[in-house]
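Per my numbering, residue 219 is the first one in the sequence shown, and the count goes up by one each step. Backbone N, C-alpha and C define an ideal beta-carbon position, used for all residues, glycine too. All of these numbers come straight from a predicted model, not from anything done at the bench. Structure record follows, encoded as C-alpha cells.
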Amino acid sequence: MTPRLIERRFPGAALLVLLSLVGRATAAPPEQERAVQILGATGVKGGLVVHVGCGEGGLTAALRVSDSYLVQGLDVDAKNVANAREHIRSLGLEGEVSAARFDGRHLPYLDNLVNLLVAEDPAGVSPAEMLRVLAPLGVAYVQRGGKWTRIVKPRPEQLDEWTHYLHEADGNAVAQDTAIGPPQHVQWVAAPNWSRNHHKLASLSAVVSAAGRVFSIVDDGPSAAVSVPGRWSLVARDAFNGVLLWARPMASWAYTGQGFRSGPVQLPRTLVAAGDRVYAPLGMSKPVSALDAATGKVVQSYPDTKGAEELVFSEGILLVVTGTPFAEQATIDPVLRGEAPYPNAKTVVAVRADSGEVLWKWTEPQSAKLMPLTLAAADRRVFFLAGKGVVCLDRDTGKVLWNSGGDEAIDGSDAKDVKRKGNGSRGPGWSVATLVVHAGVALLAADGQLAALSAAEGKQLWTCACPAGFRSPADVFVIDGLVWTGPTFGEGRDLRTGEIKRTNAAAEDIWTVGHHHRCYREKATSRYLLTGKRGIEFLDLRGNNHTRNNWIRGACQYGILPANGLIYAPSHACGCFMEAKLYGFWAVAAERQKAAEKAPEAKPLERGPAYGTPNPKPEAPSPKSGSANPKSKIENPKSEDWPTYRYDSLRSGSTEVALPAALKSAWQTRLGGRLSSPVVAGGIVVASAIDAGRVVALDAADGKVRWSFPAGGRVDSPPTIYQGRVLFGCADGWVYCLRATDGQVVWRFRAAPAELSTVAFDQVESVWPAHGSVLVEDNVAYVAAGRSAYLDGGIRLYGLDPATGRALCQTTVSTDDPVARSRAEAETETKIAPETFVQNATDYKTFTDPDHSDAFSMGGTTNDVLVSDGNSVFLRQLRFDRKCIQQETPSRHLLSTSSLLDDAENHRSHWVLGTGDFSRLAVAYSWIANSPRGAYGMRLAVPYGLMLAFDSASVWGVRRAGGYTLFGEAGKAFSASEEPLPDFRKSDNKSGPTWKWSGKLSMRPRAMLRAGDVLVLGGMPNEADAADPYAPFEGRAGGLVWTVSAADGTRLAEHKLDSPPVWDGMAAAGGRLYVATMAGTVLCMERDASAVLSPVKLPSGLQTAEAGAAGNPGKPVEADADGKFVLYPALARTTGGLRYQPDRNNLGGWTNSADHCEWALKGVKAGTYAVEFAYGSTNPGIEYTLTVGDQALVGKTEDTGGIKTYKSFRVGTIALPAGDAMLTLKPGPFKGAIMNFRLLTLSPVR
C-alpha cells in the first residue's frame, strides 16, 4: 500500500512565516528559530535533511518547516533516539520526521541522497563521508568549536539535465551524461504505484529535470475506476531522493477516456524546466505560466500563449505553438469534438521569459499544417515542419530565413480522425515526423525517409531510409558526430555526408523476441542507446556492455528519462513480466563507481530488555476478548484467534470459527493515519499505523490501548502473534520481536545486509525493507528483505528462531543480468532457432539467459508477503523448502501478480491460487485473465480474482468484469505429493468459469474473509456522486459490511460504517469482527441479538453459459428473487457485425443500423417493468427501440464520455406479458458506431 500524491500548493509559505517571526517580540520557539536560521543560511529549499547528533529531537523536528522537507535525526545513543522518537510522536510528525541510531562515523545513506546535512557535533564523521551522501549542490552545515561552516557539494561534470521532452530545444534526445549505465541500484521510488489504466490515456503526460529537481504532470486518480475524471497535478520532486517538494493541481487537462496509443503526442511537450523556473500551461488550452521551481508559486503568465500546444526554451526565450480556438490536444475530449476544425490554426509565439515581452508571432496559411513535435531551436534559429517543408526562422526576429518545401506541399489534407494513416498523414494529436538540429544540420524524418538539411540554408545534404517507431515517430540521435536511426540503430552515419561509419548489431542480440516495441520514443546518452523493446535495453556504442532489463520499463506514450546519472522510469499499467517487473516511479543507478568507506560489520542480532525473560502466562481470556483459547492458532488449531495476516500461513483469509450474520458495534478506537489489517490473539488486537511506523496493541475486550511501539520505519502489514511474542518486519530493514504483554523488545534482527537507506514513498527506508507480516511455520519465522532480485544484490530470505532471533537458514534471491551473445553462436549452442514472428516467439534467451525472458514472462522476482502451502515457503512464484533452499518444481499457493498488499485494484493485477508459472504464454497473462471465457485459446484454469478466501474444499472470490462479481467455486486441499498442473490451459474460449454460484455486488469490496458459514465483505458504495466523484475512493462516502452465505451468496445483512475498511483490513476471532478503517480507526463488531435478518439474493453474476449463436438466442433469462431480469451481453443473439466481446464483457462492433440483438425471457410475470440501460457511446441522440411482443419503448443514446466508458441510464417503463417472451433491441439510422452494450435491466414496478 502506498500513499497517493498530496496536494501542496505553496510549501515555501511556512518557511516565510517562520522567518518573519524571527527577531520579533513574539519570536518563534528557540528550536524553530534555530531551524529557520539554519535553512536561511544554507539556502536549502526542501528535500532530505539529516541532523547528526539529534539528541532528544527538538531541532530535528523543527527542521521540518514545511511539507517540502523530509527530516531524519541520527545519534549514537539509543536513549536519545528513543526520546527523539517520542518527541516526534508528540508533534504528530512520525514518518515525515524520524530518528535512527548510527555508529558515529558512517552515514547510513546512499551516495548523492541528502540535500542538507546539519552537524552540531560531527564527531567521527569525516568531510569526505559528508560529501559522499550529499546530493549534488547539497549543503553540509557543520559546527566546530562554536563556528558554523557551510560546505556545498559541486555538481559533477559527468551529469546532465533533461529540460525538455527530447532533452533540449534542439530535439536531440541524447543526455551528455557519462554516469548513466545499466541499472544496479535503487536511488528512490515514489507514488503512484500504477498508471490508471493501460487501455486509456497514460496517467503521466510529461517529465523533465533541471537544477536537481524532477517535474512531472501526473493524474493520481483511482486505478479502480478509470471513468472517474482525472485529477491532474504539476508535481515537483527532488531529483536525487524523490522527496515531494510540491504538487500544484491543474485546472483541467487531457481527456482521460482517450484510448491508449492514441496520443496526443503534444502532451510531453507542454513542460519545460530551466534553472529555477518551470514553464507549463496550468490547464488545457491555458496560456503558459512560469513557476518558481522550489515552491510551485506562479511568478509570471504569458497571455499571448493561450491555447498552448507545445513549447521549447532557448536562451531565455520561450517558443510556444498555440492553437485556435483550442489546443489541438483538447479536441480529443468528446465535449469539444466538432467545436473546432481539424487541423486548427496554429501560431508560433516567441516571448522573453523574464519580462513577458512578445518578440514575434508566426502565422502563415500553412501554419495549420505545422507538425507536432517538430518545433526545435538551435544557434539562434527556430525550425519546424509545416506541410512538407521545414521552415527556418530567425529566433530573435521571427524572419523567415528559408523554407525547404516552398509553398506547395501541405501534409495531411486528407487526414481523418484516426490515430494515424500510414506515415504520410495524421489525425488529431498525432505526429508522423521528427526534427533534430545539431551542429549546423537539420535532420527531418518523415514518410519513411531521413533528410539531412543544411541549417544555414535548407539545402539537402543526404538521405536514407528511416522507418517510424511503433505508434511513435522515428527516432533520430546524433552522438559523437554520428546519426543513429531507429528502430534497430544498426548503422551510424556521418552527420554531414550520410556515409556509414559504424555498425551495431546489439539490438538483434539483446532484444527479446515476440510482441511489439513499447509505444514510446527511445532515449540515449553519449554512450548508450536506451531502447524500449520490452523493458530498457542498453546498447553500448563504446564497448560491449549491452544489457537487457525487462524488469523495468517506461510509461506509455512517454518512456523514460535519463539524467542526473540516473534512469527515471515513471509509473505504468503493464501486465507483462509480472514475476519481476517494478511498479511505481523509480529512479535507478548504475553500478557504484566508488564504494563508500565500509562500516565495520555490525552484529545483525540485538537483544532487548525482554530477552531471556520468561514469557508471562497469557491472561485468562475475557468472555468478550475475542479469544476463547489463550494459545495462538499457529500453536493450536482449535484456537479462535486470528494471529497473523490473513489468518494463517496459507494466507487463506478463512477460519472455521463462526461469525453471526447480524452485527453491531462493540467498541472503536482511533489510532489515526493509514492502518494495516488487524491480528487478534491472546486477548489483544494488534495493528500497525503504517506511515507512523508504530505498532499498537489494543485490549480485545474494550479497545483500550495496551501499549504502542515506535519502529524505525513503515510497518506495512500486521505483525504475527506467536508464543506470547509479536513479530514483524519493518521498512528500516530490521525484524522485531516484542513481548506481547507490554511491547518490550525481546530481540531485533537486521535482515538487510547493511545499514543503508534511501527514500521510498516520501519516507526514509532501508534499501532492503522487510514486509510487516512475518511467516511462522513449524517454529521458524521467515522474512524477506529487499525490493528486487535485480537490484542491490537481490532479496535476502531468512528463517529465524522466534525465541532468540538467531538465523537458522538464509539465502539470497538474485538474478544476473543477461549479456549480449551472437545469435548465430547461441543458436548453434542451444539448437533453438527463432520462430516466425508471433506474439510470443522463442529464441535462445528464453531458455539459457539468466533472466529466462520470453515475450511476456521472465525469471527473478520482487518482494512480497511470504506465503506457505503447509510444506514450502513462497516468495511470490518462487518456492523454497523450510531450509530456505529454492526448489525447481512449482506448486499451488496464493500469490498476487503485483503484491498482496497492493490496494490499487489495477485491471492488470490479480490474486491467483496456482503455481504462478506464467511462462511461454502466447500473450500477456492479463489478456486471458480479464476475459470471462479466457482468450487466445487459453484460460486461467485456477481460482483467481481481485481477492480470494479459501479452505480445503472451497474458494470464494471477487472478480472484476463489468462491475464486481462475488463467486464460490470448488477447491481442494494442498498436498506435498500433488503433481503441479499449469495455471493456463488450452480452451475453446466458449465456456465461462466453473463457479458454483455468483452474484453481482452493488458495493466496491475492499476486504473479504470467511468465518464458518458466513462470508464477510467490507467496502464502500460503488456509485459516485458526480459532484464529488472521489468521495468513495477516499473513504468519505461511508463504509459497508455485508454478511453473505458462503453456501450460495445470499446476502444476510448489511451494516453501515462511518468509514470503509482498508484494503484486506478485517479479522474474525472469537465470534467478533475486527475492522481497520480508512479513517484510522480500529472497530470491533459483535452479535446483534435484536436484529431481524432479511436475506436478499444477489443479482446473478457473470454468466457461465455459452453466448447465443447467430439465429439462436442464448440461455433463457429468468427473473431473480426480486422479479428482476438482468440481460447480459453473453446471452444475446446478435446479427451482422454486432458480436459479444468477452474481453470487454459487452456487445461491440455495432456499426450497422441493420444489426440488432435479442434475449429470450422465461417465466415473465405480467406487469410494468422499469428499464435501466448501461452502455458506452460517443454518438448521442441516436434512437433505439426495445420491443417485447406488441409493446415498445423508445430511447436515445447519450454521450458517456467514451465508447468504453459505461454509464447507466433509466430509459422508462414497458409492459411485459405473462409467460415466455423475446426482447429485441434495434437502433435507428446512425453513422459510425452507436454504442458498446454492457447491461439491460428490467425491474418490476411495485
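Discussion item. My output table needs one value for Pro822: the three-state DSSP class, helix, strand or coil.
Written reply: In the displayed model, Pro822 falls within coil according to three-state DSSP, outside both helix and strand.
Item to complete: Go ahead and label His734 buried or exposed: buried means 16 or more other beta carbons lie within 10 angstroms of its beta carbon, across all protein chains shown.
Response: exposed
Discussion item. Measuring only the C-alpha atoms, how far is Asp510 from Phe433?
Written reply: 12 Å
Fill in: Anticipated Cβ contact below 8 Å, Arg720 with Ser690, distance rounded
With 8 Å as the limit, Arg720 and Ser690 do not qualify as a contact, their Cβ atoms being about 24 Å apart.
Worksheet item: When the Cα atoms are used, what is the spatial distance from Gly389 to Lys617?
Response: 21 Å
Worksheet item: If you draw a straight line from the alpha carbon of Thr513 to that of Trp464, how long is it in whole angstroms?
Response: If I take the Cα positions, the gap works out to 6 Å.
Fill in: Euclidean distance between Cα positions of Lys783 and His385
For the record, residue 783 in the displayed sequence is Gly; it is not Lys. Gly783 and His385: Cα-Cα distance of roughly 14 Å.
Discussion item. Please list the terminal residues of the continuous beta strand (DSSP E) segment that includes His305.
Written reply: Here His305 belongs to no beta strand (DSSP E); instead the alpha helix (DSSP H) covers 296-308.
Practice prompt. Report the residue from His1374, Pro1347, Val1463, Pro1334 whose alpha carbon sits nearest the alpha carbon of Asp1438.
Written response: Pro1334
Worksheet item: What span of residues does the beta strand (DSSP E) with Gly710 cover, start to end?
Response: 709-712
Practice prompt. Check whether the Cβ atoms of Met1284 and Leu1275 lie closer than 8 Å to each other.
Written response: no
Worksheet item: Secondary structure at Leu537, three-state DSSP: helix, strand or coil?
Response: strand
Worksheet entry | Spatial distance of Arg766 from Ala742 (CA atoms) | 15 Å
Worksheet item: By a C-beta neighbour count over all protein chains shown, 10 Å radius and 16 as the cutoff for buried, is Ser1144 buried or exposed?
Response: buried
Worksheet item: With Leu671 and Leu593 assumed to form a contact (beta carbons below 8 Å), what rounded beta-carbon distance in angstroms separates them?
Response: At roughly 16 Å, the Cβ-Cβ gap does not stay under 8 Å, so Leu671 and Leu593 are not in contact.
Practice prompt. Report buried or exposed for Thr1079, applying the criterion of at least 16 other Cβ atoms within 10 angstroms of its Cβ.
Written response: buried
Practice prompt. Pull up the CB-CB distance for Thr1352 and Cys1375, whole angstroms please, since I reckon it's below 8 Å.
Written response: Correct: roughly 5 Å between the Cβ atoms.
Worksheet item: Under a three-way DSSP split, which group does Met502 fall into?
Response: Three-state result, Met502: coil.
Worksheet item: What residue range is occupied by the uninterrupted beta strand (DSSP E) comprising Arg766?
Response: 765-767
Practice prompt. Determine which residues share a DSSP beta bridge with Arg1203 and list them.
Written response: Arg1157
Item to complete: Return helix, strand or coil for Asp522, following the three-state DSSP convention.
Response: helix
Worksheet entry | Close Cβ partners of Arg825 (< 6 Å) along its chain, the five nearest in sequence each way excluded | Trp965
Worksheet item: The beta strand (DSSP E) spanning Ser672 covers which residue range?
Response: Bounds of the beta strand (DSSP E) holding Ser672 are 667-672.
Worksheet item: From Val1293 to Pro1279, what distance separates their C-alpha atoms?
Response: Computed Cα separation, rounded: 6 Å.
Fill in: Segment contact flag, the region 275-292 with the region 353-361, C-beta cutoff 8 Å, min 3 pairs
no
Worksheet entry | Endpoints, alpha helix (DSSP H) assigned at Pro248 | 248-260
Worksheet item: By how many angstroms is the C-alpha of Ser1086 removed from the C-alpha of Val461?
Response: 36 Å
Worksheet item: Can you pull the DSSP bridge partners for His1111?
Response: Bridge partners of His1111 according to DSSP: Gly1132.
Worksheet item: Helix, strand or coil: how does DSSP classify Trp1145 here?
Response: In the three-state reduction of the DSSP assignment, Trp1145 falls in the helix class.
Discussion item. Classify Ala907: buried if its beta carbon has 16 or more other beta carbons within 10 angstroms, exposed otherwise.
Written reply: It counts as buried.
Discussion item. Less than 8 Å between the C-beta atoms of Thr381 and Ala424, yes or no?
Written reply: Using a Cβ distance threshold of 8 Å, Thr381 and Ala424 do not count as a contacting pair.
Worksheet item: Which residues share a DSSP beta bridge with Gly1017?
Response: Tyr1000, Cys1027
Worksheet item: Nearest-angstrom Cα distance between Ser1263 and Pro878?
Response: 11 Å
Worksheet entry | Inter-residue Cα distance where the pair is Ser470 and Pro1247 | 16 Å
Discussion item. I believe Ser1153 touches His1128 by the beta-carbon criterion, under 8 Å. Please report the beta-carbon distance rounded to the nearest angstrom.
Written reply: Checking the sequence shown, residue 1153 turns out to be Ala, not Ser. Their Cβ separation, rounded to whole angstroms, is 14 Å, which puts Ala1153 and His1128 out of contact at 8 Å.
Fill in: Sequence-distant residues of its chain with Cβ nearer than 6 Å to Met1221 (five each side left out)
Gly1237, Asn1240, Leu1258
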